[in-house]
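Engineer: Can you read through this structure? Questions will come right after.
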Amino acid sequence: MNIAILGGTGKEGAGLGARWALVGHSIIIGSRDPERAKTKAAELRERTSKMAIMGESNAEAAKLGEVIVIALPASGLATTLPEVREGCRGKVVISTVVPLTFGGPRLYTPPAAGSAAEEAQALLPDANVVAAFHHIAADELSETDHAIECDLLLCGADAAAKETASQLGRSMGLRPIDVGPLSNAGPLEGITAVLTTVNRRYKLKNSGFKITGL
Ligand SMILES: NC(=O)c1ccc[n+]([C@@H]2O[C@H](COP(=O)([O-])OP(=O)(O)OC[C@H]3O[C@@H](n4cnc5c(N)ncnc54)[C@H](OP(=O)(O)O)[C@@H]3O)[C@@H](O)[C@H]2O)c1
Numbered sequence: 043m044n045i046a047i048l049g050g051t052g053k054e055g056a057g058l059g060a061r062w063a064l065v066g067h068s069i070i071i072g073s074r075d076p077e078r079a080k081t082k083a084a085e086l087r088e089r090t091s092k093m094a095i096m097g098e099s100n101a102e103a104a105k106l107g108e109v110i111v112i113a114l115p116a117s118g119l120a121t122t123l124p125e126v127r128e129g130c131r132g133k134v135v136i137s138t139v140v141p142l143t144f145g146g147p148r149l150y151t152p153p154a155a156g157s158a159a160e161e162a163q164a165l166l167p168d169a170n171v172v173a174a175f176h177h178i179a180a181d182e183l184s185e186t187d188h189a190i191e192c193d194l195l196l197c198g199a200d201a202a203a204k205e206t207a208s209q210l211g212r213s214m215g216l217r218p219i220d221v222g223p224l225s226n227a228g229p230l231e232g233i234t235a236v237l238t239t240v241n242r243r244y245k246l247k248n249s250g251f252k253i254t255g256l
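Under our numbering, read the sequence shown as residues 43 to 256, first letter to last.
In structure tokens:
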């Protein structure tokens, strides 16, 4: 599958891109600066023994991708998503975005829409947004020599879009778990605030999350 990763120059997007490239997907790294995207793509090609990874502007990447992954900070949604709306029309868009504010009274700081994924859906009304991959730490993704133990919790309005996100998770060895409608994206994103706190408290980089009893 052709996967465009908006903000793919960052740690989370690059880690996802490397994992997917290694199992045979084609990756388009998106950036505000196409040159930065091309440089990151070249670096990832080296890391993945020359798998299919290219770099483009976010808008061009969205046009080229069959599936679009948003790996931007929450503060970048309102400016970036209107630019990619046309390219995302009718496609599955996966939001990995977690609105965290460091140094304030509250770590998880969702937007007025309730969650970053719901904000993304409002900005991309012609796309099928799925919230997923929030609990897979960038450090865990980048250590491509071992499997990731964490479950893939995901939610969204469209069953087929959730199945596409599930397939992408399975392709990198994750167990997908459907946690219902997009209105559950807030709690999903909030778990990352808990994991971030666990990482700090226990001096970890990659705590994860697994559902028992399934
Ligand atoms: N890091 C993790 O372990 C982790 C885990 C789970 C979920 N997430 C979520 O995944 C998303 C990406 O995480 P990250 O750590 O990779 O983030 P990041 O490095 O802060 O940002 C990713 C990329 O977004 C672009 N960007 C930065 N500020 C922007 C702005 N104001 N407007 C538009 N684009 C902007 C930059 O690319 P260009 O400058 O090239 O455009 C940057 O390389 C975040 O929402 C984060 O909460 C991260």
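Even for Gly, the Cβ is constructed at its ideal location relative to N, Cα and C.
This structure is a prediction, so every number in the text was calculated from the model and none was measured.
For S184, is the beta carbon positioned less than 6 Å from some heavy atom of ligand 1?
Structural biologist: Every heavy atom of ligand 1 is 6 Å or more from the Cβ of S184, so no.
Engineer: Does the Cβ of G118 lie closer than 6 Å to at least one heavy atom of ligand 1?
Structural biologist: Yes; taking the cut-off as 6 Å, the Cβ of G118 has a heavy atom of ligand 1 nearer than that.
Engineer: By DSSP's criteria, S137 is part of a beta bridge. Which residues make up the other side?
Structural biologist: Per DSSP, I112, A173.
Engineer: State the beta-bridge partners of M96 as determined by DSSP.
Structural biologist: According to DSSP, which records beta bridges pairwise, M96 is partnered with I70.
Engineer: First and last residue of the beta strand (DSSP E) that includes I47?
Structural biologist: Here the beta strand (DSSP E) through I47 covers 44-48.
Engineer: In the DSSP assignment, find the beta strand (DSSP E) that holds P218 and state where it starts and stops.
Structural biologist: Looking at the DSSP string, the run of the beta strand (DSSP E) that includes P218 is 218-220.
Engineer: CA-CA distance, I45 and V65?
Structural biologist: Cα to Cα, the separation comes out at about 12 Å.
Engineer: Note down the Cα distance separating F109 from A103, rounded to an integer number of angstroms.
Structural biologist: According to the sequence as given, residue 109 is Val; it is not Phe. The alpha-carbon atoms of V109 and A103 are separated by roughly 10 Å.
Engineer: Could you give the residue range of the beta strand (DSSP E) that holds L256?
Structural biologist: Run containing L256: none; DSSP gives neither H nor E here.
Engineer: Measure the beta-carbon distance from A173 to L142 and round it to whole angstroms, keeping in mind my assumption that it falls under 8 Å.
Structural biologist: That pair is no contact at about 15 Å.
Engineer: Just confirm the distance between the C-beta atoms of I71 and A79, as a whole number of angstroms; I'd bet it's less than 8 Å.
Structural biologist: Contact flag correct, Cβ pair sits at about 5 Å.
Engineer: What does the Cβ neighbour count give for T254, buried or exposed, with the cut at 16 atoms within 10 Å?
Structural biologist: Exposed: under 16 other Cβ atoms inside 10 Å.
Engineer: State the Cα-Cα distance for the pair A129 and G145, rounded to the nearest angstrom.
Structural biologist: The amino acid occupying residue 129 in the given sequence is Gly; Ala does not appear at that position. Spanning the two alpha carbons is a distance of roughly 36 Å.
Engineer: With which residues is C197 paired in a DSSP beta bridge?
Structural biologist: BP columns for C197 point to A173.
Engineer: Measuring alpha carbon to alpha carbon, tell me which residue in P152, V135, V111 is nearest A203.
Structural biologist: Nearest option by C-alpha distance: V135.
Engineer: Output needed for T206: all residues of its chain with C-beta closer than 7 Å, excluding positions within five of it in sequence on either side, in chain order.
Structural biologist: Within the same chain, T206 has close Cβ partners V109, V134.
Engineer: Could you have a look at L149 and say whether DSSP puts it in helix, strand or coil?
Structural biologist: DSSP places L149 in coil when its eight states are reduced to three.
Engineer: Within 6 Å: the Cβ of S73 and any heavy atom of ligand 1?
Structural biologist: Because some heavy atom of ligand 1 lies under 6 Å away, the Cβ of S73 counts as near it: yes.
Engineer: Less than 7 Å separating the beta-carbons of G57 and L183?
Structural biologist: The answer is yes: Cβ separation under 7 Å.
Engineer: Confirm the yes/no value for this check: CB of L114, any heavy atom of ligand 1, distance under 6 Å.
Structural biologist: Because some heavy atom of ligand 1 lies under 6 Å away, the Cβ of L114 counts as near it: yes.
Engineer: Straight-line CA distance for S157 to H188?
Structural biologist: Spanning the two alpha carbons is a distance of roughly 31 Å.
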